[in-house]
Amino acid sequence: MNVESSTRTPISRAVLEARELGDAGPCRHRRQAVRPAAMVLATLVILAVDTTSAFAANECLQWVRRFDVGSPGDRAGHSMAYDIHRDVTVFFGGDIPGGGPEHYFNETWEYDGTLWRKITITGPVPPKRAMAAMAYDEIARHMVLAGGETHNGLLKDTWIYQSTAPGHGTWTYAGDIPVVNDLPAERSGASLTFDESSQKLVLIGGATFKNGDEYTHATVMRWNREAGWEAHPGGGNLPNMGFRPTFARNGLARHFAAYDTDQDWLVIHGGWQGCYTEGTCDPNDDPDENHYFVGLKTNEISVVLDANPSNNPGLQQGAMVYDSNRKRLVSFGGFKVGVPSGSVASYFELAYTGGSPHPYVKLAAQAVQGTRPGQRTRHAMVYDRARKVIVLYGGADGQLNFADTWELVPLAPERLQTPPVRHEACEDTPVQLGAYFRDPPPGFGVHSYHWLKNGGLVPGATSHLLSFSSITPGDAGFYQYVVTTPCGNSITQSPPTELIVRPKVRITSFDAARRDLCPGQAVTLSVSATGEPPLRFQWRKNALPIAGWTNATLTLSNLKHADTGDYDVQVANGCNTVTSPAAHLQVGVSIQAQPQSISPDVCKAGSLSVTADGVGPLRYQWRLDGVPITGPLRQNVLGVTSSNLTLVPVLYQHEGKY
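This note's numbering puts the first residue of the sequence shown at 32, with every later residue one more than the last.
(1) So what's P132 in DSSP terms, helix, strand or just coil?
(2) So, for E138: in the same chain, excluding its five sequence neighbours on each side, which residues have a beta-carbon less than 7 angstroms away from its beta-carbon?
(3) Going by Cα to Cα distance, which pick from Q601, Q552, T308 and R416 is closest to N212?
(4) So the beta strand (DSSP E) N271 belongs to, where does it begin and stop?
(5) Would you call the segment 155-168 in contact with the segment 211-227, where contact means no fewer than 3 C-beta pairs closer than 8 angstroms?
(6) On the DSSP letters alone, give me the boundaries of the beta strand (DSSP E) that I421 sits inside.
(7) Under DSSP, the beta strand (DSSP E) around V121 begins and ends at which residues?
(8) For P500 and P490, what's the separation of their Cα atoms in angstroms?
(9) Going by other Cβ atoms of all chains shown within 10 Å of its Cβ, with 16 needed for buried, is E257 buried or exposed?
(10) Whole angstroms is fine: what's the gap from A544's alpha carbon to Q623's?
(11) State the Cα-Cα distance for the pair H286 and D337, rounded to the nearest angstrom.
(12) Quick test of your reading: D506 and V646, contact by CB under 8 angstroms. State the CB separation rounded to the nearest angstrom.
(13) Run the CB neighbour count on P155, radius 10 Å, all protein chains shown included, and call it buried at 16 or more, exposed below.
(14) With distances taken between CB atoms, is the gap from M272 to V352 smaller than 9 angstroms?
(15) Rounded to whole angstroms, what's the CA-CA distance from R650 to W580? Just pull it up for me.
(16) Among residues of its own chain, excluding the 5 on either side of Q63, which ones have a beta-carbon nearer than 6 angstroms to its beta-carbon?
(17) Short of 6 angstroms in beta carbon distance, which residues of its chain neighbour Y467, apart from the five on each side in sequence? Order them along the chain.
(18) Taking 9 angstroms as the CB-CB cut-off, is T224 touching chain D?
(19) Roughly how many angstroms separate the alpha carbons of D143 and G487, rounded to a whole number?
(20) Applying the 10 Å Cβ sphere with the 16-neighbour rule, what's the burial state of P157?
(21) Under a Cβ-count criterion, where at least 16 other Cβ atoms within 10 Å of its own Cβ denotes burial, should R204 be classed as buried or exposed?
(22) Once you ignore the five residues that flank P526 on each side, which residues in its own chain have a CB closer than 7 angstroms to its CB?
(23) Residues bridged to W140 by DSSP?
(24) If you follow the beta strand (DSSP E) that L601 is in, where does it begin and where does it stop?
(25) Considering only the beta carbon of each residue, do V558 and V602 sit closer than 9 angstroms?
(26) Using the C-alpha atoms, what's the distance from G385 back to Y391?
(27) Given this structure, state the Cα-to-Cα distance separating A434 from D105, to the nearest angstrom.
(28) With a threshold of 8 angstroms, are at least 3 pairs of Cβ atoms found where one atom belongs to the segment 635-646 and the other to the segment 670-686?
(29) Could you spell out where the beta strand (DSSP E) holding C91 opens and where it closes?
(30) Would you mind working out which of G130, W437, S479 and K419 sits nearest Q406, comparing C-alpha positions?
(31) Could you name the residues that DSSP lists as bridge partners for N255?
(32) Going by C-alpha distance, which of A643, E261, S498 and E686 is nearest L664?
(33) Considering only C-alpha positions, which residue in the set F366, A289 and K367 is nearest to I421?
(34) If you follow the beta strand (DSSP E) that L186 is in, where does it begin and where does it stop?
(35) Quick one, are the C-beta atoms of G326 and D291 less than 9 angstroms apart?
(36) Report the residue from T402, F98, D428 and A560 whose alpha carbon sits nearest the alpha carbon of T584.
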């Protein structure tokens, strides 16, 4: 779809001159007397591209200034791009206020979220510059740098940066940007973006000079790696591809550009629209600032948001990135010529709806907590995919350059562990349920927690852990956490975790009374128990398992004397094992303690005893050498029919086995 306009909003000469003073490089030093008319806006724009996100409607973000990572120094107009394979941000060049060569830089730095490190370059280094285009080629796995400006003019060269070892790298010259539309190939303020759909880098626009006049390139090129720069197959320039907003002013420079990897849109907004060929317009006429949000998809550029200058004034010299975690395009900074910052919407969102003809719509602003970076322009920004944060560095406000590192961090709680839908545990055992979320970054408050049981608050349960030292059946139920961020956003666990308490074994009845039975009789022992099924039974005699007896009832028929003993039962489940008291079974008579041998002196006293158990009153009969002690044998022998036998006095004829 073409982007067209039949009207132009007049811009005074004073405003035009002020805008030029806000530009980078040679432009920003023109007409110093009217510079105050340029206003810098600290602008945060979040373009939402996934309205189904859990936090799209009420997200919490915060800018965090990193004082602990070092700094490349005061810098504006520098280039930054993110290396997705090494998870580092690469930084090159930039400038500080002033006009000499000493005010431009060609240092290379890398940032991993922990420290800025200056890279030692082996071999040639690109000339000093600012306002160059740089992006990471995800296929070739290297950085590409193109154009820019230095103290004495604009540049058209292309360089490739390759990391060779930690802290070391090389730059390789890769040719010049070609001449297009009779304009010089040199340019500054172009954008370079990796297009994932075509797997190539796309270079758009940029400002240049011809015969003392400033023009803006309308070229759209792709980096072909082997062959260098080539015209984009969609037509090679913005008008041919559908960008025709204001008469012949179809070039673009110092704009915002980022690639939405979820929708495959290369989204562009803002920037300066100037003449892109000689003869089509007067470069000295008042230019326009682009207020459109447009997108390049495949080979065509179309409007992605229905916007007009009254509700979306164009900005320039800011930065935009795509946050693939939150699925947002995030834009920060820039300025609008002659417009006070208070009259320009500094923060808004777009949501992708897929509607026609404009697939994005405006949403309400999100909450950004804490202190934001100060007003600025000509800064650089990347999205760190590994750490899921946006990194902003440096920039300028008038003659003031910055050397600060900021990170835009989402405070939507990041869950580290998915809670179970079901948790089973035995009664009287410890249990711990957890709401495991990453802690907020430094500078934030803490997450707060509350636990619910069956929908009601659990008193005192305000930790990320809900602990039971010894659970009971009454603790069973459905539990869920509610985590609240420092911004006040809350997430309730869904579905809740069902806590199931498995009852341990309890013996409810067992008759441990003594049983005295005669041989040939029968006996039955039984037990009743409760607990989490299945229950397992094991009967024992004298603490040893009885093979085959694994039911709740033990029946012994045709009893024998050998069945005498202490009987118990063990009842078990998956939680515990319980042993019943022992029940003694006596079958017939049992001698529990045999008489012990003695050697008494003749004519002295001697005694023997026996301990026995049995059914009913016991009868005793002592024997000597197998013969009952009766008649003459009983002389001087007492207790022949009791458990104790006494010899008084002991005679030689008493010798023998008793």
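Note that CB positions come from ideal geometry on N, CA and C, so glycine has one too. Remember, it's a predicted structure, so these values are computed and weren't measured experimentally.
Taking the geometry as given:
(1) helix
(2) P103 and K149
(3) T308
(4) It is not in any beta strand (DSSP E) - N271 instead sits in the alpha helix (DSSP H) that spans L269 to M272.
(5) yes
(6) V420 to Y424
(7) V119 to F123
(8) According to the sequence as given, residue 500 is Ser; it is not Pro. When rounded, the distance between both Cα atoms is 16 angstroms.
(9) exposed
(10) 20 angstroms
(11) 18 angstroms
(12) Contact flag wrong, Cβ pair sits at about 51 angstroms.
(13) exposed
(14) no
(15) 35 angstroms
(16) Low per-residue confidence applies at Q63: pLDDT is 28, beneath 50, and the placement is therefore not dependable, though the value from the model is reported in the following sentence. Here the set comprises nothing.
(17) L447 and Q448
(18) Absence of chain D from the displayed structure is noted, only one protein chain being present.
(19) 45 angstroms
(20) buried
(21) Sequence check: residue 204 is Tyr here, not Arg. With fewer than 16 Cβ atoms within 10 Å of its Cβ, Y204 is classed as exposed.
(22) V452
(23) F122 and K149
(24) Here residue 601 turns out to be Gln, not Leu, going by the sequence shown. Q601 -> beta strand (DSSP E) spans G596 to A603.
(25) yes
(26) 7 angstroms
(27) 4 angstroms
(28) yes
(29) C91 to R96
(30) W437
(31) DSSP, once it has assigned bridges, lists no residue as partnering N255.
(32) E686
(33) A289
(34) G184 to A196
(35) yes
(36) A560
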